[in-house]
Structures are given as structure tokens and as C-alpha cells.
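Peer 1:
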Ligand code: GLC
């Protein structure tokens, strides 16, 4: 049993704020990945009417807002992150009228709605890129993208040595000999953000969706739009994953294509656009930059409202490391008066229920498939529930990825011939890619396709054992992952934890994360021995059933988190 006083004094990490702040300061935001959330049409791909039909689930779960990944017109070369028309809904997902209905229903249920904005690149099928291909080198049409002549006597070498994040070269040659830059797939050409038309177009796109009533935008690759002048060579490596030695455990994408100072002018301009609209609209940065002090620059008072805290997501299951990142997150965000955010899973990473079941718990392979280390499913889920209660006990804004409220793991044995992520193909299969975290949700244990679609069709197969994770198998079942999330969100709201403070609690070992937030003491035990709760503590919620020792003291076992109220 843990008895040492490794942390003998209370240490204030973050002072409580006002519960009356803007909604995004403490919101729990649920990420809907539309193609895998709910399918109303029966074609096996989720759609906006499907989202609308399931919004009550999100209201019942108790989240404050929904973020939808892209549903715009797109050839789907990167699951919609390749946008051909920013002002229309792809027929796969429905129509603009379906979007309006979804938004109205969400607002009717008290849910805010954030949409995804993909400004770093367009689809190769975007009218601008098609015009650029049809025009000559040096033409105004080409100037909206990053076309360059190649190197070598005949220009047959790429203009620089940059790699695509999805693997391979970041340049593709067109028939007249020029090359264009794509930090991602060759079907995602990068825009030139020095071009005034590009800037004006995206401000108009913001207004288009603000006029429809959206509450904000999640900004894709927010650190990538401005490149260093001259596009200099760079010998570093860009990646979405962590090396086996944990070397890319941080969130850094360094190099001349990322986190350039000029990018902040764009967000200052967008901040002014949002300010023209009533209510509190929000911009959230998807910026894989480190250290946190660099990330903080995106959320200065005249820029964006939030940035994803990938430093937290990337930290292994290790109490001192997590404590350090929690402290650093508050220090950084507090220095500019922004809320910190928390996130454990999204559509780009192996779900935390699987990551935490790996030999190095919390490490981040880019996908898991046949022949790879398979996670320990039970241990992964146990730790995932503990990690989620740790996260939801922290003040700030928290992001949930669809299905984590069901405890879903990744599909870790998907056949490679079913994979669709361009990262799988561009790395020649060396990276499995992100399909495993994008499998359609199980809603009903006894229905074909687990109720995802009326026909039972699903665009990726669901593992056979997912019946146990289905919503209807967990709803109303005490202690299920779903009911645990629901209770956590209800308590977070009633105890006003989102705008609370954090002080490390004294008297716990180093491998225990223990803090108070308003009236609640959160105890996450990452160690191997049970931890005693203070005498008289009232258990409000726990990630597993808690036991008692002979003296009647409540024990938090290994890999578990409890929320308790202290006496008096
Ligand atoms: C972001 C998205 C990811 C996408 C990439 C290119 O990282 O989250 O899914 O593939 O940008 O748009």
C-alpha cells in the first residue's frame, strides 16, 4: 500500500476562473467523424441525416458541443480533408439543407456546432487547382498554389527535399515540367498563403458558415499555411507518429514548412471576422508544434480561442510525465489567458483504449495491423477509463472522439487490402495508417452492422466482438464505460469543474496523480499498488469498482481513477 508522503504540500497549479466565461473556456466538445458516426441513407457511409438522428445521444451523454470533421464536396482522397468545394456538402453526406437541419436540431438541444476548415491545401479537383493545371507556368492561376521549377539540368529533381507527412516526396511534377508542393497527399496541393486571393477566399468561406450559424471552426494544419521564404531544404523528418524509442513523443513538427511567424497574421484577421458575429464564436488550432510556449502563440487574445493540447495526448502512461505536462499546459495557457484543452483520441491516432494496452502504454504507432504488437484489450480499456476520468476532472476544455464513450478500441486486425488511408499507400504499408480508429460506431448489439446503417453495410468492417461495446448494451448498465462518461460529464457540470482550479494534493506517491478541483479530489493511480483514500472521503465516481481494506479504508487500485469529496 502507498503510504509515503512524496508530495507533502498542496501546490497550486492553476487558479479557478469564473463559471460565467465564454462557453469554449470549459466546454466538452465531441468529435463526430461523419463517415463513421451514423448512416441514414444505407450506403454504409455515415451522413448528416445520420448525425441529426443521433444528436439526442450526445445531449444525453452531456457534452456541450460537437465538432464535425469535413463533410464538404470532396473526391475523398483523404477522407474529406481534400476539399473541392468549401461551400457545399458532398452528396455522400447529404445536402446543405441537411446541414441546416442538423445545426438547427443541435442548437435546439443546446449543443454548439464547430465545423472543420481545411485551409492549408485544397483537393486537386478544386476549381482553382484545375485552372492552375490548365494554365501555363508563371500564370496567375498557378500563383495560388506553390508551383516551382525543378532542380537539375532538366528540372527533373524536386525543387527541395521536403517529405510528405504521408510518406514520399512533398512534390509532384505536372506534364509541362513544373512541380507543385503537397505536404500531404499529391491530391492535396498546398495553397500559397502569401497570395491575397487565398486570404480573401478563406475569409469569405468563414463568413459563409458563420452566416449559416456555426459556433466555430477547427482549423486543420493550422501551423502549416505559411512556409519559410525560398522554401529551403530541410533534413528533418515530418511524421504523424512516434519512433519506437519515443523520440517523437512530443508534438513537434519543426522545419521551414511549420510554425512560421507569418501564420499568426492570418489568425488575427480571422479573429476580427468572428468578432463581427454575435455570440462567442471560436477557432481551435490543430497545430502539432512544440514546446507548449510555441502553441500558446496561436491562442493569444487577438488570435484563436483554443488549440489542441497534443502534448497531453502524446504523453505516456506515466504519472510524473503527465503531472509535468499538466503543469506546463496550465503555465502556457494561463500566460495568455486562454483555456487549456485536453484530448486523448481523435481520427488521426490509435484510440487511447488501444494505445494504453501496448507494452509502452500511451505510445503512438500510426495504426496497428496483423503482425504488429496487439494491445492488451482489457488493460487498455481499464487505463483508458482511468485516463478519461483524469482528463475530465481537469479544468479547461476537453475533446472526446466519437466512440470513446463506449470504450472502443482501434480495429487492430483490419485486412490491409481494406485500408483506405493514403498514409498506408504512400509509405508502402510501412505505416498502417488511421483506418483502425475510423471504424463505424456500434449502436445496437443485435443489429446488422451494429445498427450503424439501416442496411447493415459499413464502409469498413467492424470487429465481431463489438456487440459488447454497442450503445444499447451499455446504456443504463451501471459501471459501463458509457454510464461512467455520462456520470463524469454530469458531475463535471454540477460541480463546475470546467472552470475550476488545480492544486496537487499532498500525501500521495509519485506514481499517483492527485489534485483538487473545487470540492472534488481526483486520484489517478498509475502505480502498481492500491492507494488509500483519505478517511471519510465520499466516492463520487470511479473508473472501476473500488475495494476496502481491513480497516474499512477505500482503496483506489492500480490503473484506476476516483473522484471523491473530502469531509467538511
Ligand atoms: C489533419 C487532419 C488529418 C488530415 C490532415 C491533412 O492532420 O486531422 O486527418 O489527413 O490534416 O488535411
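Numbering (the numbering used here), first residue to last: 12 to 579.
The beta carbon of each residue, even a glycine, is placed where N, CA and C say it ideally should be.
The structure displayed is predicted, hence computed values, not measured ones.
Could you say which of 295, 324, 345, 547 lies nearest to residue 124 if we only look at CA atoms?
Peer 2: Taking the chain shown and counting its residues from 1, the one referred to as residue 124 is at position 113. Measuring from the Cα of residue 124, the nearest candidate turns out to be 295.
Peer 1: Among 371, 145, 89, 496, which has the Cα closest to the Cα of residue 129?
Peer 2: Numbered from its first residue, the chain shown carries residue 129 at position 118. For residue 129, the nearest C-alpha among the options comes from 89.
Peer 1: In its own chain, which residues sit with a C-beta less than 6 Å from the C-beta of residue 438, not counting the 5 before and 5 after it?
Peer 2: Within the chain shown, residue 438 is the residue found at index 427, counting from 1. So the qualifying residues of the chain are 178.
Peer 1: Would you check if there are 3 or more beta carbon pairs closer than 8 Å linking the region 58–67 to the region 95–113?
Peer 2: Segments in contact, yes.
Peer 1: When you compare the CB positions of residue 279 and residue 524, do they come within less than 8 Å of one another, or not?
Peer 2: What you label residue 279 is simply residue 268 of the chain shown in a count that begins at 1. What you label residue 524 is simply residue 513 of the chain shown in a count that begins at 1. No, these two residues do not count as a Cβ contact at 8 Å.
Peer 1: Within the same chain, show all residues whose beta-carbon is closer than 6 Å to that of residue 198, passing over the 5 residues directly before and after it, in chain order.
Peer 2: Position 187 of the chain shown, counted from the start, is the residue given in the question as residue 198. The residues are 88, 93, 135.
Peer 1: Cβ of residue 564 within 8 Å of Cβ of residue 553?
Peer 2: Taking the first residue of the chain shown as 1, we reach residue 564 at position 553. Taking the first residue of the chain shown as 1, we reach residue 553 at position 542. Going by C-beta atoms, residue 564 is not nearer than 8 Å to residue 553.
Peer 1: Might you give, ordered along the chain, the residues of its own chain that have their beta carbon closer than 6 Å to the beta carbon of residue 285, omitting 5 neighbours on each side?
Peer 2: By 1-based counting over the chain shown, the position of residue 285 is 274. If we look at residue 285 and ignore the five residues flanking it on each side, its Cβ neighbours are 292.
Peer 1: Using 8 Å as the threshold, is the region 305–319 in touch with the region 235–253, meaning 3 or more CB pairs across them?
Peer 2: Verdict: no, contact absent.
Peer 1: In chain order, what residues of the same chain have a beta carbon less than 6 Å from the beta carbon of residue 349, not counting five sequence neighbours either side?
Peer 2: Locating residue 349 in the chain shown gives position 338, where the first residue counts as 1. Within the same chain, residue 349 has close Cβ partners 310.
Peer 1: Please state whether the Cβ-Cβ distance between residue 378 and residue 440 is less than 8 Å.
Peer 2: Within the chain shown, residue 378 is the residue found at index 367, counting from 1. Within the chain shown, residue 440 is the residue found at index 429, counting from 1. The answer is no: Cβ separation not under 8 Å.
Peer 1: Answer yes or no: the CB of residue 92 versus the heavy atoms of the ligand GLC, is any distance below 7 Å?
Peer 2: Position 81 of the chain shown, counting from 1, holds the residue named residue 92. Indeed, a heavy atom of the ligand GLC lies less than 7 Å from the Cβ.
Peer 1: Considering only their Cβ atoms, is the gap separating residue 485 from residue 452 smaller than 8 Å?
Peer 2: For the purposes of this step, residue 452 is taken as the residue at position 441 of the chain shown. For the purposes of this step, residue 485 is taken as the residue at position 474 of the chain shown. No, Cβ-Cβ distance for residue 452 and residue 485 is not below 8 Å.
Peer 1: What is the residue span of the alpha helix (DSSP H) that residue 342 lies within?
Peer 2: Taking the chain shown and counting its residues from 1, one reaches residue 342 at position 331. First-last of the alpha helix (DSSP H) with residue 342: 330–345.
Peer 1: What residue from 362, 423, 469, 233 has the CA that sits closest to residue 308's CA?
Peer 2: Within the chain shown, numbered from 1, the residue matching residue 308 stands at position 297. Ranking the options by Cα distance to residue 308, first place goes to 233.
Peer 1: By the three-class DSSP mapping on this structure, what secondary structure does residue 183 have?
Peer 2: Working through the chain shown from its first residue, we reach residue 183 at position 172. Strand, per DSSP.
Peer 1: Grouping DSSP H, G and I as helix and E and B as strand, with all else coil, what is residue 292?
Peer 2: Position 281 of the chain shown, counting from 1, holds the residue named residue 292. Note: residue 292 maps to coil in three-state DSSP.
Peer 1: Taking the beta strand (DSSP E) that residue 25 falls in, what are its first and last residues?
Peer 2: Position 14 of the chain shown, counting from 1, holds the residue named residue 25. Per DSSP, residue 25 belongs to the beta strand (DSSP E) from 22–25.
Peer 1: Could you tell me which uninterrupted beta strand (DSSP E) segments, each at least 3 residues in length, are contained entirely in the region 354–412, listed from first to last along the chain?
Peer 2: Counting only runs of 3 or more, we get 408–412.
Peer 1: Is residue 359 near the ligand GLC - that is, is its Cβ less than 7 Å away from at least one heavy atom of it?
Peer 2: Locating residue 359 in the chain shown gives position 348, counting from the first residue. Flag set: Cβ of residue 359 near the ligand GLC.
Peer 1: In whole angstroms, give me the CA-to-CA distance for residue 572 and residue 504.
Peer 2: Counting from 1 along the chain shown, the entry for residue 572 is found at position 561. Counting from 1 along the chain shown, the entry for residue 504 is found at position 493. Approximately 18 Å between the Cα atoms of the pair.
Peer 1: Report the three-state DSSP secondary structure of residue 128 (helix, strand or coil).
Peer 2: Residue mapping note: residue 128 aligns to position 117 of the chain shown, counting from 1. Strand at residue 128.
Peer 1: With 16 as the cutoff for other CB atoms within 10 Å, does residue 23 come out buried or exposed?
Peer 2: In the chain shown, counting from the first residue as 1, residue 23 sits at position 12. Flag for residue 23 reads exposed.
Peer 1: By the 10 Å Cβ neighbour count, where 16 or more other Cβ atoms means buried, how is residue 559 classified, buried or exposed?
Peer 2: On the chain shown, residue 559 is found 548 positions in, with the first residue counted as 1. That one is exposed.
Peer 1: Below 7 Å, is the gap between the Cβ of residue 89 and the nearest heavy atom of the ligand GLC?
Peer 2: For the purposes of this step, residue 89 is taken as residue 78 along the chain shown, with counting starting at 1. Yes, the beta carbon of residue 89 sits closer than 7 Å to at least one heavy atom of the ligand GLC.
Peer 1: Do three or more CB pairs link the region 380–389 to the region 419–430 at distances below 8 Å?
Peer 2: Counting Cβ pairs under 8 Å, three or more are found: they touch.
Peer 1: Under 8 Å Cβ to Cβ from residue 150, same chain only, skipping five residues before and after it: list those, please.
Peer 2: Position 139 of the chain shown, counted from the start, is the residue given in the question as residue 150. Contacts found: 143.
Peer 1: Taking only runs of the alpha helix (DSSP H) that begin and end inside the region 423–464, which ones reach a length of at least 4 residues, in chain order?
Peer 2: Counting whole runs of 4 or more residues, the region 423–464 contains the alpha helix (DSSP H) stretches 433–437.
Peer 1: Measuring only the C-alpha atoms, how far is residue 138 from residue 460?
Peer 2: In the chain shown, residue 138 corresponds to position 127, counting from 1. In the chain shown, residue 460 corresponds to position 449, counting from 1. Distance between the alpha carbons of residue 138 and residue 460 is about 37 Å.
Peer 1: Going by DSSP, what residue range makes up the beta strand (DSSP E) through residue 244?
Peer 2: Counting from one through the chain shown, the residue named residue 244 turns up at place 233. Taken as a continuous stretch (DSSP letters only), residue 244 belongs to no beta strand (DSSP E), as it is neither H nor E.
Peer 1: So, helix, strand or coil for residue 522, using DSSP?
Peer 2: Indexing the chain shown from 1 puts residue 522 at position 511. Residue 522: coil per DSSP, three-state reduction.
Peer 1: Cutting at 6 Å between CB atoms, please list the residues of its own chain near residue 539, excluding the five before and the five after it.
Peer 2: Translated into the one-based positions of the chain shown, residue 539 becomes position 528. Excluding sequence neighbours, residue 539 sits near 569.
Peer 1: For the region 394–413 against the region 513–529, are there 3 or more C-beta pairs whose distance is under 8 Å?
Peer 2: Yes: at least three Cβ pairs fall under 8 Å.
Peer 1: What number of angstroms, rounded off, separates the C-alpha of residue 227 from the C-alpha of residue 506?
Peer 2: The residue given as residue 227 occupies position 216 in the chain shown. The residue given as residue 506 occupies position 495 in the chain shown. Approximately 26 Å, taken between the alpha carbons.
Peer 1: Taking C-beta to C-beta, are residue 392 and residue 42 nearer than 8 Å?
Peer 2: In the chain shown, residue 392 corresponds to position 381, counting from 1. In the chain shown, residue 42 corresponds to position 31, counting from 1. For residue 392 and residue 42, no; Cβs fall outside 8 Å.
Peer 1: In whole angstroms, give me the CA-to-CA distance for residue 347 and residue 298.
Peer 2: Your numbering for residue 347 matches position 336 in the chain shown. Your numbering for residue 298 matches position 287 in the chain shown. Spanning the two alpha carbons is a distance of roughly 17 Å.
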